[in-house]
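The structure appears right after this line, and notes come after that.
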């Protein structure tokens with residue numbers, strides 16, 4: 001192929017990308033809304049014409065409204081009312097989609113058992129509707145509650161005896177956003193302070209929006225108490241807004257922003273390096289000086305001291321292993337947030353939640369997260385405030 005042909009082919013391929021993207025999104029939305037519509041409204045239920053027409057209108061209206069709401073809420077306009085509505089609709093349709101798929105397994109079982117339509121399809125539709133409503137109510141309550149405390153002992157081989165039993169409280173993925181959760185934030189901080197922590201860490205995704213938009217919701221973080229340190233690193237969602245703004249604001253609230261740097265804490269003669277790196281997406285954000293830099297984070301640290309690293313995404317563990325980190329603490333996954341999304345998360349991350357070992361020295365703790373993103377739902381993926389008790393090795 002000539003050089004001219006090569007140059008002409010590249011723009012042609014680029015021009016197809018918007019088309020392919022639009023087709024992909026259209027296909028996904030058609031499935032998300034179409035499968036529940038077919039299961040609940042059409043199938044073989046033979047509902048009265050008025051019921052079928054009303055159900056169809058509701059699904060079509062939701063399908064048309066959804067991309068508009070997401071654009072208004074999460075596009076350049078950042079209208080919180082639209083984000084709240086669109087996010088909630090996303091959660092509802094996802095749960096409906098999943099349980100409609102499972103409901104059709106019930107339909108198959110009823111068919112094998114000799115149950116004919118319309119009874120078979122009406123039983124399936126009713127079951128899907130009841131289960132979905134129940135899960136949505138429960139999931140909303142789980143999302144809006146103060147998270148349960150999850151306690152985990154972590155043995156750190158190089159930890160000195162003076163720091164044995166040090167309590168590290170982990171917050172992550174608070175996602176202060178279009179739903180005003182200032183009261184929830186205050187209750188979370190009160191729960192943290194009751195744990196009497198030595199170190200408190202926030203591993204990113206503090207908010208969806210700028211400091212000016214979410215200042216009131218984040219304000220209670222200034223009341224967090226810790227004997228040795230309060231530390232924070234950015235998550236990927238900071239890079240959708242103003243990462244440096246949140247780093248500066250957390251410093252204003254009295255926290256140590258670990259922007260590719262570390263602090264050293266000491267108790268009874270034993271010392272621990274607490275380091276932090278930017279999120280894995282920081283380098284592609286275009287913000288000068290923002291990228292995950294483990295070497296910079298550890299620069300000047302005594303190589304004989306144990307290191308606890310704050311890194312938002314579990315998949316940053318590879319660099320942690322390469323740099324001899326003892327314990328990485330992360331969030332990002334939300335534990336999947338709404339089942340069975342955890343299986344999709346696992347395709348991108350080495351773990352979804354819990355304590356895992358990587359290599360000879362390095363351990364990784366992944367939190368399910370303190371808050372939620374988008375849909376105000378947590379289904380089979382409870383939020384948590386984590387207490388990591390470090391034990392000397």
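Numbering (full-length UniProt numbering), first residue to last: 1 to 393.
Heads up, the beta-carbon is just placed ideally off N, CA and C, and yes, glycines get one too.
Three-way DSSP call (helix, strand, coil) for residue i in this model
i           : result
residue 257 : strand
residue 219 : helix
residue 16  : helix
residue 398 : Since the first residue of the chain shown is 1 and the last is 393, residue 398 is not available in this structure.
residue 330 : strand
residue 146 : coil
residue 159 : coil
residue 83  : helix
residue 58  : helix
residue 39  : helix
residue 77  : coil
residue 207 : strand
residue 181 : coil
residue 188 : helix
residue 90  : helix
residue 168 : strand
residue 390 : strand
residue 154 : strand
residue 200 : strand
residue 383 : coil
residue 338 : strand
Close Cβ partners of residue i (< 7 Å) along its chain, the five nearest in sequence each way excluded
i           : result
residue 74  : 83
residue 15  : none
residue 393 : 155, 156, 157, 158, 159
residue 181 : 217
Same chain, Cβ closer than 8 Å to residue i, neighbours up to 5 away in sequence not counted
i           : result
residue 136 : 91, 92, 95, 377
residue 18  : none
residue 120 : 44, 107, 110, 111
residue 271 : 160, 163, 264, 265, 302, 305
Backbone CA spacing between residue i and residue j [nearest angstrom]
i           : j           : result
residue 263 : residue 269 : 16 Å
residue 6   : residue 318 : Reliability fails at residue 6, whose pLDDT of 48 lies under 50, so the model's placement of it is uncertain and no value is given.
residue 370 : residue 192 : 11 Å
residue 299 : residue 356 : 26 Å
residue 175 : residue 132 : 25 Å
residue 37  : residue 56  : 7 Å
residue 29  : residue 63  : 7 Å
residue 332 : residue 211 : 20 Å
residue 203 : residue 244 : 15 Å
residue 346 : residue 365 : 15 Å
residue 323 : residue 239 : 25 Å
residue 183 : residue 144 : 10 Å
residue 185 : residue 165 : 27 Å
residue 163 : residue 233 : 23 Å
residue 48  : residue 89  : 26 Å
residue 161 : residue 142 : 38 Å
residue 102 : residue 35  : 11 Å
residue 23  : residue 67  : 14 Å
Own chain residues within Cβ distance below 6 Å of residue i, not counting five before or after
i           : result
residue 40  : 125
residue 197 : 167, 169, 226
residue 208 : 175, 177, 237
residue 80  : 178
residue 396 : No answer is possible for residue 396: it lies beyond the span of the chain, which begins at 1 and ends at 393.
residue 255 : 230, 232
residue 190 : none
residue 228 : 198, 199, 265
residue 105 : none
residue 86  : 69, 70, 73
residue 246 : 206, 238
residue 100 : 35, 36, 39, 128
The ligand HEM heavy atom lying under 7 Å from the CB of residue i
i           : result
residue 175 : In the structure shown, the ligand HEM is absent, as is every other ligand, since no ligand is present at all.
Contact between the stretch 310-319 and the stretch 342-350 is defined here as three or more beta-carbon pairs at a separation below 8 Å; is this criterion met? yes
Which complete alpha helix (DSSP H) runs does the stretch 225-311 hold, if anything under 4 residues is left out? 243-252, 294-298
Starting from the N-terminal side, write out each stretch of the beta strand (DSSP E) that is 3 residues or longer and does not extend beyond the stretch 340-379. 354-358, 362-366
Would the stretch 211-230 and the stretch 322-335 be scored as touching if the rule is three or more Cβ pairs under 8 Å? no
Could you check whether the stretch 148-155 touches the stretch 384-392, counting it as contact only if at least three pairs of C-beta atoms, one from each stretch, sit closer than 8 Å? yes
Three or more C-beta pairs closer than 8 Å, one from the stretch 333-346 and one from the stretch 365-375: is that the case here? yes
Would you be able to state if there are at least three C-beta pairs under 8 Å between the stretch 356-374 and the stretch 113-125? no
Can you confirm whether the stretch 248-255 touches the stretch 285-294 when touching is taken to mean that 3 or more C-beta pairs between the two stretches lie within less than 8 Å? no
Assess, as a yes-or-no matter, whether the stretch 303-310 is touched by the stretch 280-288 under the definition of 3 or more beta carbon pairs within less than 8 Å. no
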